[in-house]
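*Asks:* Heads up, the sequence shown is in our numbering, so the first residue is 55 and it goes up one at a time.
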Amino acid sequence: MWQKITDEQASVLADCIKKGKPLVALHHSICAYDDWQEYFNIIGGKYFHKATTVNGKLYQPCSYIHDLHFKVKIADPDNPVTKGITDFDIFDETYKGYYIEDGVTVLLTTEEPSSNSVIGWTTNYGKACVVTLQSGHDSPTFENPYFRKLLKQSIEWVYNKGKN
Ligand SMILES: [Zn+2]
């Protein structure tokens with residue numbers, strides 16, 4: 055959820071990813087850098103702390119709810135990131151109202167009403183593959199064997215795609 059970044063730092067980070075450094079973005083990173091719109095393009099999404107206009111469309115501040123049990127659905131079981139993972143239950147925080155860039159590949163969805171329906175996706179930024187997962191507030195998520203497998207496969211996928 056970090057906010058401070060200088061123009062130079064932002065440009066170096068964006069260039070690094072553009073050149074192919076892979077990225078897996080978790081949970082609070084969707085809330086980072088409110089005033090750096092290029093970052094929204096890097097991770098393919100953004101949680102808004104304040105009303106924000108993206109590509110001419112006004113988004114209101116988002117909402118969150120802690121400590122919910124809900125079901126995560128696998129949108130594409132053939133994707134290397136989700137391969138071998140079935141729909142699973144999770145105990146985590148939900149976010150609602152966040153921006154998701156057009157054209158991302160949807161990995162995970164939920165029907166939990168306090169959440170956006172899309173909660174995991176892949177995108178590309180320059181030569182880099184990026185996976186963004188909304189989940190990951192606290193230790194129960196990182197103890198969840200389904201989420202652990204998902205995270206491991208996310209890291210392997212962005213890394214291996216980056217080598218090709
Ligand atoms: Zn959180």
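No residue lacks a Cβ here, since even glycine has one placed at the ideal position from N, Cα and C.
Got a sec, what are the start and stop residues for the alpha helix (DSSP H) A44 sits in?
*Replies:* Residue 44 is absent from the structure shown; the chain starts at 55 and stops at 218.
*Asks:* I'd like to check one pair, S168 with T148: are the Cβ atoms closer than 8 Å?
*Replies:* Here residue 148 refers to the residue found at position 94 of the sequence shown. Here residue 168 refers to the residue found at position 114 of the sequence shown. Going by C-beta atoms, T148 is nearer than 8 Å to S168.
*Asks:* Is it the case that the CB of E166 approaches a heavy atom of ligand 1 more closely than 7 Å?
*Replies:* The residue given as residue 166 occupies position 112 in the sequence shown. When distances are taken from the beta-carbon of E166 to the heavy atoms of ligand 1, even the shortest one reaches 7 Å or more.
*Asks:* Please classify Y93 as buried or exposed, where buried requires at least 16 other C-beta atoms within 10 Å of its C-beta.
*Replies:* Taking the sequence shown and counting its residues from 1, the one referred to as residue 93 is at position 39. The residue is buried, with at least 16 neighbouring Cβ atoms inside 10 Å.
*Asks:* Starting from the N-terminal side, write out each stretch of the alpha helix (DSSP H) that is 4 residues or longer and does not extend beyond the region 133-216.
*Replies:* 193-197
*Asks:* Roughly how many angstroms separate the alpha carbons of G180 and A64, rounded to a whole number?
*Replies:* Here residue 180 corresponds to residue number 126 of the sequence shown, with the count starting at 1. Here residue 64 corresponds to residue number 10 of the sequence shown, with the count starting at 1. For G180 and A64, the distance between alpha carbons rounds to 15 Å.
*Asks:* Using only the alpha-carbon positions, how far apart do T163 and N170 sit?
*Replies:* On the sequence shown, position 109 is the one that residue 163 refers to. On the sequence shown, position 116 is the one that residue 170 refers to. If I take the Cα positions, the gap works out to 8 Å.
*Asks:* Taking only the alpha-carbon atoms, compute the straight-line gap between S217 and D69 and give it to the nearest angstrom.
*Replies:* As a working note, residue 217 is residue 163 in the sequence shown. As a working note, residue 69 is residue 15 in the sequence shown. What sits at residue 217 in the sequence shown is Lys, not Ser. So the alpha carbons of these two residues sit roughly 17 Å apart.
*Asks:* Three-state secondary structure (DSSP) at Y113?
*Replies:* Looking up residue 113 in the sequence shown gives position 59. In the structure shown, Y113 sits in a strand (DSSP, three-state: E or B).
*Asks:* Quick one: is the Cβ of Y147 within less than 7 Å of any heavy atom of ligand 1?
*Replies:* Residue 147 sits at position 93 when you count from the first residue of the sequence shown. At residue 147 the sequence reads Glu, which differs from the Tyr that was named. Yes, since a heavy atom of ligand 1 falls inside the 7 Å radius drawn around the Cβ of E147.
*Asks:* Might you give, ordered along the chain, the residues of its own chain that have their beta carbon closer than 7 Å to the beta carbon of Q188, omitting 5 neighbours on each side?
*Replies:* Within the sequence shown, numbered from 1, the residue matching residue 188 stands at position 134. For Q188, where only same-chain residues beyond five positions count, the Cβ hits under 7 Å are H81, I84, Y149, I173 and G174.
*Asks:* Only counting the same chain, and skipping five residues up and downstream in sequence, which positions put a Cβ closer than 8 Å to that of Q114?
*Replies:* Here the question's residue 114 lines up with position 60 in the sequence shown. Only F102, A105 and G151 meet the Cβ criterion.
*Asks:* Once you ignore the five residues that flank A160 on each side, which residues in its own chain have a CB closer than 8 Å to its CB?
*Replies:* Within the sequence shown, the letter at position 106 stands for residue 160. Looking at the sequence provided, one finds Val at residue 160 rather than Ala. Only A129, D130, V172, G174 and W175 meet the Cβ criterion.
*Asks:* What does the alpha-carbon distance come out to for the pair E197 and E62?
*Replies:* Taking the first residue of the sequence shown as 1, we reach residue 197 at position 143. Taking the first residue of the sequence shown as 1, we reach residue 62 at position 8. Each residue's alpha carbon lies about 37 Å from the other.
*Asks:* Return the bridge partner residues of I119 from the DSSP annotation.
*Replies:* Working through the sequence shown from its first residue, we reach residue 119 at position 65. Looking at the DSSP assignment, I119 forms a beta bridge with T148.
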